[in-house]
Amino acid sequence: PTSSLTSKNTFTPDTVAPASSSLSVYTPPTTGILSRLPKSWVPYAELVRLDKPTGTYYLLLPCIWSTLLASSLTLASPLSVLGTCFLFTGGAFIMRGAGCAINDIWDRRIDPLVTRTKFRPLARGAISTKSAVVFTGTQLLAGLGLLANFPTEVFYVAMPSMLVVTAYPAMKRYTNYPQVVLGAAFSWGALLGFPAMGVSLLEPTTAVTAGCLYLSNVAWTVLYDTIYAQQDLKDDLKAGVKSTAVAWGDGGKARAVLAGLGVTQLGLLTAAGVASGMGPCFFVGSVGGAALGTAWMIKKVRFGVVEDCWGWFKWCAWAVGGVAIGGGLAGEYV
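In structure tokens:
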């Protein structure tokens, strides 16, 4: 279900995933989609976060944005737009799952030290590292097969992203800014929609538009994932895991930096609209709506409350990314 806010601006218990638990023993899922799967499938479903689709939404959104923006320029047919978005949805689902598996393979010795991640399948020994690697390889092959349905230029633009996806987990060991690398990976879809709709990225105006959209999403990713990382701040400090939450803390500095990231995101989003000649739906709906939603989130999120950080992380995907930015771009296309 969609998260909701109470009158005190906190997320209601029935809409929040338990990020932190005092339990010391893994309990198999008794509700939700995981409880309906065969027992032997559950660890693999947990590995790809089947029950937590927000990450898939974040990976999919820039694909949808760039597709809608390119479609507005080319007057593509609705059927073509829907077909492309359908392919991107499948790709986001597969590649987000593969990315989670790669992350957990890297972090299999760190995850047991963090409350929120200690019961992940590799961390608790439910599946072997070899099985996880084979499963991940299968996902990557499935993603490659799906990629074959796109124009050739999409393939060449998409392939370098795998280097960034693989590098991200390692960055948590060497820098307090792994979210920047995550942003570089999660924003790749902002480049893919253009060639998917037959618009070459080599055309100067398209290159500027796509570049601004991409960098805007990088800033947005660092913003929302810093809020996400606040869930693990105490454990990360103990375990020596690095993140922007560790770098900026959970006080006024973090809020100020997030505000700066929001301004950067919106400025680059505006630049993408100007470069591509967008109209009122984009500037009022996408930019204006994102500005209001982002400002509200930065003001209200309570960094010290795990459930609040998780709730706002989910809210940002559908409210800012989907309703505001996506809605404005859809209005431009229509």
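Numbering (full-length UniProt numbering), first residue to last: 1 to 334. Beta carbons: idealized from backbone N, C-alpha and C, even for Gly.
C-alpha distance - residue i paired with residue j, whole-angstrom precision
i: residue 363; j: Lys253; result: Nothing about residue 363 can be reported from this structure: the residues present for the chain run from 1 to 334 only.
i: Ser22; j: Tyr168; result: Any reading at Ser22 must be qualified, since the residue scores a pLDDT of 47, below 50, and its modelled position is unreliable; the value itself is stated next. Each residue's alpha carbon lies about 29 Å from the other.
i: Leu268; j: Ala210; result: 10 Å
i: Thr74; j: Leu59; result: 24 Å
i: Thr294; j: Tyr174; result: 29 Å
i: Trp65; j: Leu192; result: 10 Å
i: Lys172; j: Pro151; result: 35 Å
i: Gly145; j: Ala196; result: 15 Å
i: residue 366; j: Gly277; result: In the structure as shown, the chain starts at 1 and stops at 334, and residue 366 therefore has no counterpart that could be examined.
i: Ala324; j: Gly288; result: 8 Å
i: Val114; j: Ala239; result: 8 Å
i: Asp250; j: Val42; result: 34 Å
i: Ala132; j: Glu332; result: 43 Å
i: Ala126; j: Val165; result: 24 Å
6 Å CB neighbourhood of residue i in its chain, flanking five on each side removed
i: Gly328; result: Cys281, Phe282, Gly285 and Ser286
i: Ala190; result: Pro62, Ser66, Leu213, Tyr214 and Asn217
Beta-carbon spacing of residue i, residue j below 8 Å
i: Thr136; j: Ile102; result: yes
i: Arg108; j: Leu122; result: yes
i: Asn149; j: Thr244; result: no
i: Ile298; j: Leu258; result: yes
i: Pro62; j: Asn217; result: yes
i: Arg36; j: Cys100; result: no
i: Thr205; j: Ala271; result: no
i: Asn182; j: Thr221; result: Per the sequence presented here, residue 182 reads as Leu, with Asn not at that position. Result yes, Cβ atoms of Leu182 and Thr221 sit closer than 8 Å.
i: Asp104; j: Gln179; result: no
CA nearest to the CA of residue i, picked from the options
i: Asp235; options: Pro112, Val180, Lys39 and Cys316; result: Pro112
i: Val199; options: Leu163, Val154, Val246 and Thr56; result: Val154
i: Ser161; options: Val181, Ala185, Ala170 and Pro178; result: Ala185
i: Gly91; options: Leu34, Trp188 and Ala126; result: Trp188
i: Ala76; options: Val25, Phe194, Arg120 and Tyr26; result: Phe194
Residues of its chain near residue i, where Cβ-Cβ distance is below 7 Å and the 5 sequence neighbours each way are ignored
i: Ala207; result: Leu201
i: Cys85; result: Ile64 and Thr67
Cβ neighbours of residue i in the same chain (closer than 8 Å, five flanking residues each side left out)
i: Gly322; result: Tyr57 and Leu61
i: Lys118; result: Asp111, Pro112 and Arg124
With a threshold of 8 Å, are at least 3 pairs of Cβ atoms found where one atom belongs to the segment 226 to 237 and the other to the segment 301 to 316? yes
Count the C-beta pairs between the segment 207 to 225 and the segment 129 to 144 that are closer than 8 Å, then say yes if the count reaches three, no if not. no
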